[in-house]
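Undergrad: Position in the sequence shown (from 1) plus 148 gives the number in the working numbering.
First the structure, then my questions, so here it is.
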Amino acid sequence: MSHRDTPLTLLGDLTPAEFMAEYWQQKPLLIRGAFPDFLPPLDPDELAGLACEEGIEARLVEENGPDGPWQVSHGPFDEATFERLPEENWSLLVQAVDHYVPSVASLMEAFDFLPRWRLDDIMISYAPPGGSVGPHVDQYDVFLLQASGERRWQLGGKAPDDAPIISGIDLRILQTFEIEADSDWVLEPGDMLYLPPGWAHHGVSQSDDCMTISLGFRAPSADEAITSYADYLGEQLPPSRRYHDAGMAPAEDASKIDDAALERMRRLILDTLDDPAQMSQWFGRVMTQPKYVDQLIPHDPPLTDAELVAALQDAPLHHAPGSRFAWRTDNGVTTLFVDGDGYTCTQALAQRVADPSPLNSDVLNLPDANDLLTQLVNAGSLYWQLADDEE
Ligand code: SIN
Ligand code: CO
């Protein structure tokens, strides 16, 4: 049996193959005890501590804020912010906790039936009783894992793109929210709710220790994809590639845009875009773009290949927490994509380096590893952990 056909507690005893065929991107699934005996990877004070750090994306949502309903403020916060908050009806949301807390990042290991490059980030929220962000829709697949305390989730079904939202506030809250039948549950620690994109949902804390972990999976919109691919391709197109109408018939009406002209333009655009080799290179780059580019810290001064080999004998290399790795082989040529760049190498090397386990000196037995690893260390995508960041 391949691992795709093994029933998982994580998926309520469905196999990954069944979950993908019946639920993924299609309909919600409630899984009681997805993570049996789950212990939260951090406590609310530690989450608040992260929200006070510079460079960490954090939001506070107050249903009855001092400046109006559904007030949203952005971090970094300070102790005084938390001291002035009421006992109820607010939420603290911290993005990309997987970048800062290794045990949060390792939650993803349980989801290895999904392409890793589809993950956006792992967000964690804390809320006292009554805290919520209002009924809303996300354009994300999300696994909502209850980490501690209790949250009541209510679902309102698939919402149309133009579902009306409340105006005049900084949150996208639905004006109307009707709870579907059999879609009202209280989740306890270790319970998990999967939601496909576009599904209306409302989660309200029921306890004073409610923490919810959202594992969010991104799918680029057609708008983002077309714009980004056109930009990538555009940089490489010669100026002589343009609309041309050699051999056209004389114009009947000089003001008219005729069908032949439109068809020439359509062909120019479609033939230019329809380039599988370029699309492959663009897709690998865009899907490994880091969420926060500033978090990549290049090695300074850059290492030489010889220094890399020496250092790798002493300690393994780790993947930088916000770095993204993926690979692909086209016509026998493999590209390893890392943090928005492409590196040509053997497939064996690409697979090994893209695997999230730390890299020890054995990797140097693979051809060209030395040069590739040096480039990745210098870019900041691989690094040596200091003894005190190890868990
Ligand atoms: C939350 O954790 O408060 C909200 C998560 C969500 O609804 O996407
Ligand atoms: Co949501």
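Even for Gly, the Cβ is constructed at its ideal location relative to N, Cα and C.
Quantities reported herein were computed from a predicted structural model and do not represent experimental measurements.
Let me check one thing: in DSSP terms, what residues is Ser-221 bridge-paired to?
TA: Paired residue(s): Leu-208.
Undergrad: Are there three or more Cβ pairs, one per stretch, closer than 8 Å when the segment 328-337 is compared with the segment 236-255?
TA: The segment 328-337 vs the segment 236-255: no contact.
Undergrad: Residue ranges of each alpha helix (DSSP H) run of no fewer than 4 residues wholly in the segment 409-467, ordered along the chain?
TA: Complete alpha helix (DSSP H) runs here, min 4: 424-435 and 453-462.
Undergrad: Pull up the distance between the alpha-carbon of Met-427 and that of Thr-436, whole angstroms please.
TA: Each residue's Cα considered, the two are about 14 Å apart.
Undergrad: So is Arg-390 buried or exposed if we call it buried at 16+ other beta carbons inside 10 Å?
TA: Burial call: exposed.
Undergrad: Output needed for Pro-446: all residues of its chain with C-beta closer than 8 Å, excluding positions within five of it in sequence on either side, in chain order.
TA: Asn-526, Ala-527 and Gly-528.
Undergrad: Shortest alpha-carbon distance to Ala-182 belongs to which of Phe-291, Leu-319, Pro-344 and Thr-452?
TA: The residue with the shortest Cα to Cα distance from Ala-182 is Phe-291.
Undergrad: Which stretch, first to last residue, makes up the alpha helix (DSSP H) that contains Ile-374?
TA: Run containing Ile-374: 370-382, per the alpha helix (DSSP H) assignment.
Undergrad: Short of 8 Å in beta carbon distance, which residues of its chain neighbour Gln-354, apart from the five on each side in sequence? Order them along the chain.
TA: Cβ neighbours of Gln-354 beyond the five flanking positions: Pro-277, Gly-297, Glu-298, Arg-299, Arg-300 and Val-334.
Undergrad: Following the continuous alpha helix (DSSP H) through Phe-167, name the residue where it begins and the one where it ends.
TA: That run of the alpha helix (DSSP H) goes 164-170.
Undergrad: Over the uninterrupted beta strand (DSSP E) stretch that includes Ala-498, give me the two end residues.
TA: Element bounds for Ala-498: not the beta strand (DSSP E) but the alpha helix (DSSP H), 495-502.
Undergrad: Which residue from Ile-321, Thr-477 and Ala-307 puts its Cα closest to that of Pro-283?
TA: Of the listed residues, the one whose Cα sits closest to Pro-283 is Ile-321.
Undergrad: For my contact list, Ala-244 and Lys-404 are in at a C-beta cut-off of 8 Å; report their separation, rounded to the angstrom.
TA: That pair is no contact at about 54 Å.
Undergrad: Answer with buried or exposed for Glu-372, where buried requires no fewer than 16 other C-beta atoms within 10 angstroms of its C-beta.
TA: The residue is exposed, with fewer than 16 neighbouring Cβ atoms inside 10 Å.
Undergrad: Would you say Asp-269 touches the ligand GTP, meaning its beta carbon is less than 6 Å from a heavy atom?
TA: Looking at this structure, you won't find the ligand GTP anywhere; what it does contain is the ligand SIN and the ligand CO.
Undergrad: Based on DSSP bridge pairs, tell me the residues matched to Ile-126.
TA: Here the chain covers residues 149 to 539 and nothing more, so residue 126 does not appear.
Undergrad: In whole angstroms, give me the CA-to-CA distance for Glu-202 and Arg-232.
TA: Those two C-alpha atoms are separated by around 21 Å.
Undergrad: Label Ala-402 either buried or exposed according to how many other C-beta atoms from any shown protein chain fall within 10 Å of its C-beta, with 16 as the threshold for buried.
TA: By the neighbour-count rule (16 or more Cβ atoms within 10 Å), Ala-402 is not buried but exposed.
Undergrad: Short check: CB of Trp-430 to CB of Tyr-380, under 7 Å?
TA: Yes, the Cβ-Cβ distance between Trp-430 and Tyr-380 is below 7 Å.
Undergrad: Beta carbon of Asp-478, beta carbon of Cys-493: below 7 Å?
TA: Not closer than 7 Å, so no.
Undergrad: Report all residues from its chain with a CB closer than 7 Å to the CB of Gln-533; omit the five preceding and five following residues, and keep chain order.
TA: Contacts found: His-466.
Undergrad: Assign Arg-264 to one of three DSSP states: helix, strand, or coil.
TA: Helix, per DSSP.
Undergrad: Nearest-angstrom Cα distance between Ile-313 and Arg-366?
TA: Straight-line Cα distance between these residues: approximately 22 Å.
Undergrad: Taking the continuous alpha helix (DSSP H) assigned at Asp-401, which residues delimit it?
TA: Here Asp-401 belongs to no alpha helix (DSSP H), and DSSP marks it neither H nor E.
Undergrad: Just to confirm, is the Cβ distance from Gly-351 to Ser-280 under 7 Å?
TA: Result yes, Cβ atoms of Gly-351 and Ser-280 sit closer than 7 Å.
Undergrad: Within this structure, are the beta carbons of Leu-507 and Pro-450 separated by less than 7 Å?
TA: No; because the gap between Cβ atoms is not below 7 Å, this pair is not in contact.
Undergrad: Buried or exposed for Thr-522, please, with buried defined as at least 16 other CB atoms from any protein chain shown within 10 angstroms of its CB.
TA: Burial call: buried.
Undergrad: Reducing DSSP to helix, strand and coil, say where Asp-510 ends up.
TA: Helix.
Undergrad: What does the Cβ neighbour count give for Glu-539, buried or exposed, with the cut at 16 atoms within 10 Å?
TA: Since pLDDT at Glu-539 reaches only 45, below the 50 mark, its modelled position is unreliable, and the value read off the structure follows with that caveat. Result: exposed.
Undergrad: Specify the secondary structure class of Leu-158 as computed by DSSP and reduced to three states.
TA: Looking at Leu-158 - three-state DSSP - the assignment turns out to be helix.
Undergrad: Let me check understanding here. Comparing Cα to Cα, which of Glu-205, Ile-204 and Val-220 lies closest to Glu-211?
TA: If we check each option's Cα against that of Glu-211, Val-220 comes out closest.
Undergrad: Using three-state DSSP, classify Ser-273 as helix, strand or coil.
TA: Note: Ser-273 maps to strand in three-state DSSP.
Undergrad: Could you tell me if the beta carbon of Ser-403 falls within a distance shorter than 6 Å of some heavy atom in the ligand SIN?
TA: No; taking the cut-off as 6 Å, the Cβ of Ser-403 has no heavy atom of the ligand SIN nearer than that.
Undergrad: Is Trp-475 closer than 7 Å to Ala-502 when the C-beta atoms are compared?
TA: Their beta carbons are under 7 Å apart, which means Ala-502 touches Trp-475 by this criterion.
Undergrad: Between the beta-carbon of Tyr-342 and the beta-carbon of Leu-162, is there less than 7 Å?
TA: Cβ atoms of Tyr-342 and Leu-162: not closer than 7 Å.
Undergrad: Would you identify the three-state DSSP class for Val-334, choosing helix, strand or coil?
TA: Here Val-334 sits in strand by DSSP.
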